[in-house]
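Each residue of the sequence shown is one higher than the one before, starting from 989 at the first, in the working numbering.
Beta carbons are placed, not taken as given, at the ideal position from N, Cα and C, and that holds for glycine.
Note that the coordinates shown come from a computational prediction; the quantities given were computed from them, not determined experimentally.
Below: one structure, written as structure tokens.
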Amino acid sequence: MSTPLDLTALKNRQMVSWASGDYAVIGTTLQIVGEQLAEACDLLCDERVLDVAAGNGNATLAAARRGCNVTSTDYVAALLERGEDRARAERLEVTFQVADAEALPFEDASFDAVLSTFGVMFTPDQAKAASELARVCRPGGRIGLANWTPEGFVGQMFKTLGKHLPPPPGAQPPSNWGTEAWLHSHFDERDFQVQVTRRTFNFRYRSAAHFIDTFRTWYGPVHKAFAALSPEGAQAFESDLTELINRMNRAGEKSVVVPSEYLEVVITRR
């Protein structure tokens, strides 16, 4: 008989993973995704906006730049500190609060818009996280998400990571959030209208080695994976990542430009 998945233990391990390295080094390169999502959600001045699993605040800053009243949340305080530094530099007024995406400390229908860019998709209890997003969004409000697809580069990178460091039995892949069927199954029944646009973010590095060195140093899940593997295992993981990057590189030998597909999702509460 299989042992039930311990979601609390998994969440604690994830928290340690995301707190390692410095995600902000990677996260700031994704700022354009937050800007595009803010436009897709048609954010208005003075609207109440919640950024869930905000990381270092890409969607947070995008909403604040549009005059919204923003609350930025994450369960890793160190990530929020990076977002706070960025907001302070731009003289943007944002409320930063440590919060778990699966148990948001806000009343029902508290926000006009609820955003998450490559954040909430990594929660262990995916159904609970989806329920919380829906709960705090007001009638007529919208949920805006950016989620990596399983077929895209980041989805394939995590599949490669899982090959070398398998997740606990029963753990759901984050890329579920990057499939239209999963989104419809979790929001349609709550009387939300789901609209999906497929977009591409381009990772730009000097070489595959430059990409891997950057992610190995700063990106929590990859950083922790290399630390957990034996020297031989780490070498095999690096080899597979190199093959994936070179296979998807569209810049030829002179540089690395790797397109990664994601879903830009706007879910409107009727």
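- If you draw a straight line from the C-alpha of glutamate 1069 to the C-alpha of threonine 1105, how long is it? Translated into positions along the sequence shown, residue 1069 becomes position 81. Translated into positions along the sequence shown, residue 1105 becomes position 117. Between glutamate 1069 and threonine 1105, the C-alpha separation is close to 17 Å.
- Helix, strand or coil for glutamate 1249, going by three-state DSSP, please let me know. Numbered from its first residue, the sequence shown carries residue 1249 at position 261. In the structure shown, glutamate 1249 sits in a strand (DSSP, three-state: E or B).
- In the structure shown, what three-state DSSP assignment does glutamine 1183 receive? Residue 1183 sits at position 195 when you count from the first residue of the sequence shown. In the structure shown, glutamine 1183 sits in a strand (DSSP, three-state: E or B).
- Query: If we ignore side chains and look at the alpha-carbon of each, how far apart do serine 1008 and leucine 1217 end up?
  - Reply: As a position in the sequence shown, residue 1008 is number 20, starting the count at 1. As a position in the sequence shown, residue 1217 is number 229, starting the count at 1. Between serine 1008 and leucine 1217, the C-alpha separation is close to 16 Å.
- Message: Buried or exposed for aspartate 1100, going by 16 or more other Cβ atoms inside 10 Å?
- Response: Start at 1 with the first residue of the sequence shown, and residue 1100 comes out as number 112. Counting C-beta atoms within 10 angstroms of its own C-beta, aspartate 1100 has 16 or more neighbours from the protein chains shown and is therefore classed as buried.
- Message: Let me make sure I understand the geometry here. Which of Pro1127, Arg1036, Glu1035 and Met1003 has the alpha-carbon closest to that of alanine 1066?
- Response: Counting from one through the sequence shown, the residue named residue 1066 turns up at place 78. Out of Pro1127, Arg1036, Glu1035 and Met1003, Met1003 has the C-alpha closest to the C-alpha of alanine 1066.
- Task: Out of His1172, Gly1132 and Ser1243, point me to the one whose CA is closest to glutamine 1039's CA.
- Result: On the sequence shown, residue 1039 is found 51 positions in, with the first residue counted as 1. For clarity, residue 1039 is aspartate in the given sequence; the question names glutamine instead. Comparing Cα-Cα distances from aspartate 1039 to each of His1172, Gly1132 and Ser1243, the minimum goes to Gly1132.
- Close-in-space but distant-in-sequence residues of the same chain around valine 1184 (CB under 6 Å, 5 per side omitted): Walking along the sequence shown from the start, residue 1184 turns up at place 196. Excluding positions up to five away in sequence, the list reads Glu1168, Leu1251 and Val1253.
- Message: I'd like the list of long-range same chain contacts for lysine 1242, defined as Cβ closer than 6 Å, with 5 residues on each side in sequence excluded.
- Response: In the sequence shown, the residue the question calls residue 1242 occupies position 254. Nothing meets the Cβ criterion.
- Segment contact, 8 Å Cβ cut-off, at least three pairs: the segment 1010-1029 with the segment 1224-1233: no
- Which residues share a DSSP beta bridge with valine 1244? One-based indexing of the sequence shown puts residue 1244 at position 256. BP columns for valine 1244 point to Tyr1193.
- Looking at alanine 1042 and leucine 1080, is the spacing between their C-beta atoms short of 7 Å? As a position in the sequence shown, residue 1080 is number 92, starting the count at 1. As a position in the sequence shown, residue 1042 is number 54, starting the count at 1. Taking 7 Å as the Cβ cut-off, leucine 1080 and alanine 1042 do not qualify as a contacting pair.
- Task: May I ask you to report which of helix, strand or coil DSSP gives leucine 1038?
- Result: Looking up residue 1038 in the sequence shown gives position 50. Strand.
- Message: On the DSSP letters alone, give me the boundaries of the alpha helix (DSSP H) that valine 1021 sits inside.
- Response: Counting from one through the sequence shown, the residue named residue 1021 turns up at place 33. 1019-1028 is the extent of the alpha helix (DSSP H) around valine 1021.
- Between the beta-carbon of glycine 1166 and the beta-carbon of threonine 1137, is there less than 7 Å? Counted from its first residue, the sequence shown places residue 1166 at position 178. Counted from its first residue, the sequence shown places residue 1137 at position 149. Their beta carbons are under 7 Å apart, which means glycine 1166 touches threonine 1137 by this criterion.
- Is it true that the CB of leucine 1229 sits closer than 7 Å to the CB of glycine 1200? By 1-based counting over the sequence shown, the position of residue 1200 is 212. By 1-based counting over the sequence shown, the position of residue 1229 is 241. A small fix is needed here, since residue 1200 is isoleucine in this sequence, not glycine. Against a cut-off of 7 Å, the Cβ pair of leucine 1229 and isoleucine 1200 comes out as a contact.
- Cβ separation of arginine 1178 and alanine 1122, assumed to be a contact under 8 Å, to the nearest whole Å: Against the sequence shown, residue 1178 aligns to sequence position 190. Against the sequence shown, residue 1122 aligns to sequence position 134. Right, their Cβ atoms sit about 5 Å apart.
- Check whether the Cβ atoms of glycine 1055 and cysteine 1029 lie closer than 7 Å to each other. Taking the first residue of the sequence shown as position 1, residue 1055 is located at position 67. Taking the first residue of the sequence shown as position 1, residue 1029 is located at position 41. Not a contact, by the Cβ cut-off of 7 Å.
- Query: Which first and last residues belong to the beta strand (DSSP E) in which alanine 997 is found?
  - Reply: Taking the sequence shown and counting its residues from 1, the one referred to as residue 997 is at position 9. Per DSSP, alanine 997 belongs to no beta strand (DSSP E); it is in the alpha helix (DSSP H), 995-1007.
- Message: What does the Cβ neighbour count give for asparagine 1135, buried or exposed, with the cut at 16 atoms within 10 Å?
- Response: Translated into positions along the sequence shown, residue 1135 becomes position 147. Looking at its Cβ environment, which holds 16 or more other Cβ atoms inside 10 Å, asparagine 1135 is buried.
- Item | Cα-Cα separation between valine 1245 and threonine 1205, rounded to whole angstroms | Taking the first residue of the sequence shown as position 1, residue 1245 is located at position 257. Taking the first residue of the sequence shown as position 1, residue 1205 is located at position 217. Going from the Cα of valine 1245 to the Cα of threonine 1205 covers about 20 Å.
- Message: Report the CB separation of leucine 1103 from alanine 1047 in whole angstroms; it is logged as a contact under 8 Å.
- Response: Against the sequence shown, residue 1103 aligns to sequence position 115. Against the sequence shown, residue 1047 aligns to sequence position 59. Confirmed, about 4 Å.
- Message: Using CA atoms only, rank isn't needed, just tell me which of Phe1146, Asp1113, Pro1127 and Gly1143 is closest to alanine 977.
- Response: Nothing can be reported for residue 977, as the shown portion of the chain is limited to 989 through 1258.
- Task: Determine the closest residue to glycine 1015 out of Asn1044, Ser1195, Ala1050 and Ala1097, with distance taken between C-alpha atoms.
- Result: As a position in the sequence shown, residue 1015 is number 27, starting the count at 1. Selected option, being the one with the closest Cα: Asn1044.
- Message: Need the endpoints of the alpha helix (DSSP H) that glutamine 961 sits in, please.
- Response: There is simply no residue 961 to check, as the chain begins at 989 and stops at 1258 in what is shown.
- Item | CB contact flag (serine 1098, valine 1058, <7 Å) | Taking the sequence shown and counting its residues from 1, one reaches residue 1098 at position 110. Taking the sequence shown and counting its residues from 1, one reaches residue 1058 at position 70. Taking 7 Å as the Cβ cut-off, serine 1098 and valine 1058 do not qualify as a contacting pair.
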